[in-house]
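Novice: What follows is a single structure, and I will ask about it in a moment.
Number of protein chains: 2
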Amino acid sequence: MAETGTQVERVLDRLLPKPERGEPALAEAMRYAALGGGKRLRPFLVVSSSRLFSVGESCALRVAAAVEMIHCYSLVHDDLPAMDNDDLRRGKPTTHKAYDEATAILVGDALLTQAFEVLADVETHADPKVRIALVTALARASGAAGMVGGQALDMAAEVTPLTDIGSITRLQRLKTGALFEFSCEAGAILGKVEDSRRGALQAYAHDMGLAFQIADDLLDVRGRAEEIGKTPGKDQAAGKATFVSILGLDRAEAQARLLAEQACRHLDVFGGRADDLRAVAHFVVDRRA
Amino acid sequence: MAETGTQVERVLDRLLPKPERGEPALAEAMRYAALGGGKRLRPFLVVSSSRLFSVGESCALRVAAAVEMIHCYSLVHDDLPAMDNDDLRRGKPTTHKAYDEATAILVGDALLTQAFEVLADVETHADPKVRIALVTALARASGAAGMVGGQALDMAAEVTPLTDIGSITRLQRLKTGALFEFSCEAGAILGKVEDSRRGALQAYAHDMGLAFQIADDLLDVRGRAEEIGKTPGKDQAAGKATFVSILGLDRAEAQARLLAEQACRHLDVFGGRADDLRAVAHFVVDRRA
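Which chain is which? The protein sequence lines are A and B, in order.
Going left to right, the first sequence walks through residues 1 to 289 as my numbering numbers them.
Going left to right, the second sequence walks through residues 1001 to 1289 as my numbering numbers them.
Here it is in structure tokens:
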């Protein structure tokens, strides 16, 4: 994962606008928001799923960079005062703190737009049908029926708290699950593989994504800022219902482990080639940050 | 133009998420931001340039809807308190006034994302190469090296006012010109025509876009809110240098007319088929809103 992180950092560095060209402050802030931080979990999923189908690494890394641009834009916008109002992200001041709110809004817009430019570029894949499939899948995963829709539900839940596991699961499937699902499917799209194997990756992504989110809720309760790189205790302070507030710590932890194991079983069809993805499922529940 | 406006309204209505499906508040706010208002100038450019090359109307209208989604998202984000802080748009309360800031940020993100989903869809054009070319061109026109870059320059100019026509021209070419250029090129992309005719449309868009912007600056000085549907006198209040503040009213108006005529001359190669586009160039300098 660290190796993929380094590789995707290099690709992002090459793709992102340079301050000496274009609008310097915007380019600098885009680089601040997207470079030098984060676990790069979504890129790792793209690269790992691509390896299953022997997809060329440079293709996979460009898709990985595009997903990370989407993920970073969503963090920049979600951290804004009007949204989650956070000062700390990945152990650094959030983009609107390091620059200003207007710049943070524009940085998000620019990263979001560039993600689609990268996917559409011929360097991402020679076959235009593959590039179109990537654009479509990423737009669906990140738009009103995916990540942005989930964030809207999350804002609404601050006013009318959710009360059952079904609603929280639905919210998280949109807010974080859809982009995990895209990341895992990306390898299958790049490899032009049949629907059954794509379905196995979707099922894996679904269970792994929920395990990730439950673990995130646990970290929000248990974590310390210097470890998790963001402000802990936020959900509780905001009065938000989470997996932990409804299930309690112990049941939530057991549920996360169960989901991680279930996620791994969906990978049986790929044999030992999917060991990286299995390791991810266990990593997301064991991580301390 | 009114006819195209009605048609693109119908396409947008069909494409935008329905409140009864998905997150109701987000879907409703997306529709508020994108439906029922605006001159639909960019859609008209897409439809008019498409007619030059006998492109099917349903293709052109989908691309027109995508451009309008981008334009509407940019208005929603630009109106935010951290940006231009405006309460009135198209004669209605701005999205963050009618809803709230968080919703307005998410509405912009969702509209931006959906624009690319629409372009990538097979209904937009059967040939995946055409769809990819549209995604690429729209991403370039609207991202850090286009519209968003122009908006960043505009924010920077509030702190360090621009002092010469060259800088203002460059800013406006990015902020509004790039999307006009895409709208005019869209017909050529859909019609798969050769570069020379695409170049004529680019040149037209360049001059027409500048004429539009100078006229906009004139309206900001002369207009009344009930006519222009937004707050007048904003640029002056913000201490922004504009074409009018540097050239003065009379020279600015003469320059706008000159650019409109120049824009029309680039269309000679298309003969009478480009009369709609010629009419647009005159409309943008004669309009009262």
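Every residue gets a Cβ at the ideal spot worked out from N, C-alpha and C, and that includes glycine.
Values in this document were obtained by computation on a predicted structure and should not be read as measured data.
1. For L1088 (chain B), which residues does DSSP report across the bridge?
2. Taking H1077 (chain B) as the query, report the chain A residues whose CB atoms sit under 7 Å from its CB, ordered along the chain.
3. In three-state DSSP terms, what is V1269 (chain B)?
4. Would you report the Cα separation of I46 (chain A) and L1218 (chain B), rounded to the nearest angstrom?
5. Looking at A256 (chain A) and A215 (chain A), is the spacing between their C-beta atoms short of 7 Å?
6. Could you check whether L1035 (chain B) and L1012 (chain B) sit closer than 7 Å to each other, using their CB atoms as the reference points?
7. So is E1123 (chain B) in contact with chain A if we call contact Cβ pairs under 7 Å?
8. Of all the CB atoms in chain B, is at least one closer than 7 Å to the CB of G239 (chain A)?
9. When DSSP labels each residue in this structure, what does P43 (chain A) get in the three-state scheme?
10. Do you know offhand how far R288 (chain A)'s Cα is from I70 (chain A)'s?
11. Note the first and the last residue of the continuous alpha helix (DSSP H) segment covering Y1204 (chain B).
12. In chain B, what lies closer than 8 Å to A156 (chain A) by C-beta?
13. Could you tell me which of B:D1220, B:R1173, B:L1190 and B:K1192 sits nearest to A1205 (chain B), measuring between CA atoms?
14. Give me, in chain order, the residues of the same chain whose beta-carbon lies closer than 7 Å to that of I1189 (chain B); leave out the 5 immediate sequence neighbours on both sides.
15. So does the region 76-87 of chain A actually touch the region 1104-1112 of chain B, counting three or more Cβ pairs closer than 8 Å?
16. Report the three-state DSSP secondary structure of D1275 (chain B) (helix, strand or coil).
17. Please identify, using Cβ separations under 7 Å, the residues of the region 142-168 of chain A that lie next to chain B, in order along the chain.
18. In the DSSP assignment, find the alpha helix (DSSP H) that holds K1129 (chain B) and state where it starts and stops.
19. Can you confirm whether K234 (chain A), when its beta carbon is compared against all beta carbons of chain E, has any partner nearer than 7 Å?
20. Compute the distance between the beta-carbons of A1064 (chain B) and P1043 (chain B), then report whether it is under 7 Å.
21. Count the CB pairs spanning the region 239-252 of chain A and the region 1016-1033 of chain B that are closer than 8 Å, and state whether there are at least three.
22. Leaving out the 5 sequence neighbours to the left and right, which residues in its chain are closer than 6 Å to F212 (chain A) when beta-carbon positions are compared?
23. Is the beta carbon of A144 (chain A) less than 7 Å from the beta carbon of F1116 (chain B)?
24. Consult DSSP for K240 (chain A) and reduce its assignment to one of helix, strand or coil.
25. Tell me the DSSP secondary structure of V55 (chain A) in three-state form.
26. Which residue's Cα is closest to the Cα of K1097 (chain B): B:H1077, B:G1037 and B:G1239?
27. Kindly list, in the order they appear in chain B, the residues whose Cβ is closer than 9 Å to that of T95 (chain A).
28. Give the DSSP-derived three-state secondary structure of K1018 (chain B) in the structure shown.
29. Got a sec, what are the start and stop residues for the alpha helix (DSSP H) P1024 (chain B) sits in?
30. Which residues mark the beginning and the end of the alpha helix (DSSP H) in which A289 (chain A) is found?
31. For a cutoff of 7 Å on Cβ pairs, would you count M1083 (chain B) as touching chain A?
32. Using the beta-carbon of each residue, which ones in chain B are nearer than 8 Å to A139 (chain A)?
33. Could you please give the first and the last residue of the uninterrupted alpha helix (DSSP H) stretch that includes V1107 (chain B)?
34. Terminal residues of the continuous alpha helix (DSSP H) containing M83 (chain A)?
35. Compare the C-alpha of R1014 (chain B) against each of B:L1052, B:A1066, B:A1002 and B:G1056 and name the closest.
36. What is the DSSP secondary structure of H282 (chain A), reduced to helix, strand or coil?
Specialist: A quick look at the data gives this:
1. B:P1093
2. I105 and D109
3. helix
4. Before going on, a small fix: residue 46 (chain A) reads as Val here, not Ile. Cα to Cα, V46 (chain A) sits roughly 51 Å from L1218 (chain B).
5. yes
6. yes
7. no
8. no
9. helix
10. 24 Å
11. D1195 to R1222
12. E1023 and A1025
13. B:R1173
14. V1130, A1133, L1134 and A1137
15. yes
16. helix
17. S142, G143, A144, A145, V148, G149, Q151, A152, L153, M155 and A156
18. P1128 to S1142
19. Absent from the structure: chain E. Protein chains present are A and B.
20. yes
21. no
22. V284
23. no
24. coil
25. coil
26. B:H1077
27. Simply none; closest approach about 12 Å.
28. coil
29. P1024 to A1034
30. Premise fails: A289 (chain A) is in no alpha helix (DSSP H) and is neither H nor E.
31. yes
32. T1113, Q1114, F1116, E1117 and A1120
33. E1101 to A1120
34. It is not in any alpha helix (DSSP H) - M83 (chain A) carries neither H nor E in the DSSP assignment.
35. B:A1066
36. helix
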